[in-house]
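Notes follow once the structure below has been shown.
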Amino acid sequence: MSPALRRIAAAAALSLSLVALPSLGQQAGDAAAGATKSATCTACHGLNGNSANPEWPSIAGQNAAYSREQIAAIRAGKRPNVLMQPIVQTLTDQDIADLAAHFAQQTPTGLEADPSYWKAGQKLYRGGDTARGIPACMACHGPVGRGNPAAGYPAVQAQYAVYTVKQLENYANDARYAKDANGKTQSSPNALMMNLIASRLSAEDRRNLASYMQGMR
């Protein structure tokens, strides 16, 4: 293993040790209650969490732990989102937990990968690129893109390529999360690890990976 990959592996192990611990005082989500609160969400994210707009993410089947983290980050202003922040600002911790539980139970609608790009994306997703210090995406996101809830790694299957490319660009440019008064990025260890990995991807890599993940079942 190259020194670069060893550093990334160490960061992954550290993030796992940090985020796999139970959070004290964190409410259990009620999926049934979440369903009754989801009308506003479906206006953008689609019925049952399957978005009809490629610029807005599908959230069906996303693990609840990741959804909770992201909604809370947007609510706190740590992940800037001018559309989402006013909507989530009024949500309580229990609302967030309920919504996350609801959408985690929904089934992602299958999308098709671009036949021109998905094979190159599959190769990078499954095997990485040791020479460039890029680990296999499946090491964290799983062989079929369902993520790892215990470690806080999100599902990436059946996600619009347009949205995925934009998020990878934001990670690469350290633009996905806001910075505090001292210039420190306000994100989790997992996100900091993604900043490093995404910065090593070319525009073609991002396109290829996003196409492959869009078609994952």
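In short: position in the sequence shown from 1, add 73, done, that's our numbering.
Heads up, the beta-carbon is just placed ideally off N, CA and C, and yes, glycines get one too.
**Rounded straight-line distance, which links the Cα of M267 to that of K196** = Spanning the two alpha carbons is a distance of roughly 19 Å.
**Asked** Which value, in whole angstroms, describes the spacing of the CA atoms of R273 and E242?
**Response** Roughly 11 Å separates the two Cα atoms.
**Simplified DSSP state of D166, which is helix, strand or coil** = In this structure, DSSP gives D166 a helical state, which the three-state scheme calls helix.
**Prompt:** Are three or more beta carbon pairs between the stretch 185-195 and the stretch 138-154 nearer than 8 Å?
**Reply:** With a cut-off of 8 Å on Cβ pairs, the stretch 185-195 is not in contact with the stretch 138-154, counting fewer than three such pairs.
**Item:** Element boundaries [alpha helix (DSSP H), containing I207]
**Value:** No residue range can be given for I207, since it is assigned to no alpha helix (DSSP H) and is classified by DSSP as neither H nor E.
**Asked** Would you say Q100 and Q167 are within 8 Å of each other, going by their C-beta atoms?
**Response** A contact, by the Cβ cut-off of 8 Å.
**Three-pair Cβ contact test at 8 Å for the stretch 273-290 versus the stretch 225-241** = Output reads yes: the stretch 225-241 touches the stretch 273-290.
**Request:** Report yes if the C-beta distance between A104 and Q178 is below 8 Å; otherwise report no.
**Result:** It is a contact, given that the beta carbons lie within the stated cut-off.
**Request:** Return the CA-CA distance between T165 and A248, expressed in angstroms with no decimal places.
**Result:** Taking the straight line joining both Cα atoms gives about 26 Å.
**Request:** Just list the alpha helix (DSSP H) runs in the stretch 153-197, keeping only unbroken ones of 4 residues or longer that don't cross its boundaries, in chain order.
**Result:** Runs of the alpha helix (DSSP H) spanning 4 or more residues and lying entirely within the stretch 153-197 occur at 157-161, 166-177, in chain order.
**Prompt:** How would you write the range of the alpha helix (DSSP H) that R280 sits in, first residue to last?
**Reply:** It spans 276-287 - the alpha helix (DSSP H) in which R280 sits, taken as one unbroken run.
**Asked** Leaving out five residues before and five after S111 in sequence, what residues of the same chain have Cβ atoms less than 7 Å from its Cβ?
**Response** Counting only residues of its own chain and dropping the five nearest sequence neighbours on each side, S111 has a CB closer than 7 Å to the CB of L172, H175.
**Item:** For Y226, the three-state DSSP class (helix, strand or coil)
**Value:** In the structure shown, the three-state DSSP call for Y226 is strand.
**Message:** For a test of the three-state rule: what should DSSP assign to K257, helix, strand or coil?
**Reply:** Looking at K257 - three-state DSSP - the assignment turns out to be coil, as it is neither helix nor strand.
**Request:** Have a look at the DSSP bridge pairing and note the partners of N268.
**Result:** DSSP, once it has assigned bridges, lists no residue as partnering N268.
**Message:** Let's see if you can read the secondary structure: which residues bound the alpha helix (DSSP H) around L241?
**Reply:** Unbroken alpha helix (DSSP H) run through L241: 234-245.
**Request:** Tell whether a beta-carbon distance below 8 Å holds between G218 and A209.
**Result:** Not in contact: G218 and A209 (Cβ atoms no closer than 8 Å).
**Request:** Compare the C-alpha of E128 against each of G134, C117, N121 and name the closest.
**Result:** Per the C-alpha coordinates, the member of G134, C117, N121 positioned closest to E128 is C117.
**Asked** Would you report the Cα separation of Y56 and A145, rounded to the nearest angstrom?
**Response** No answer is possible for residue 56: the residues shown for the chain start at 74 and end at 290.
**Pick from M289, T113, C213 that is closest to A234, judged by C-alpha positions** = Of the listed residues, the one whose Cα sits closest to A234 is M289.
**Item:** For V161 and A170, the rounded distance between their alpha carbons
**Value:** Distance between the alpha carbons of A170 and V161: 12 Å.
**Request:** Tell me where the alpha helix (DSSP H) around Q135 begins and ends.
**Result:** Per DSSP, Q135 lies in no alpha helix (DSSP H) and is assigned neither H nor E.
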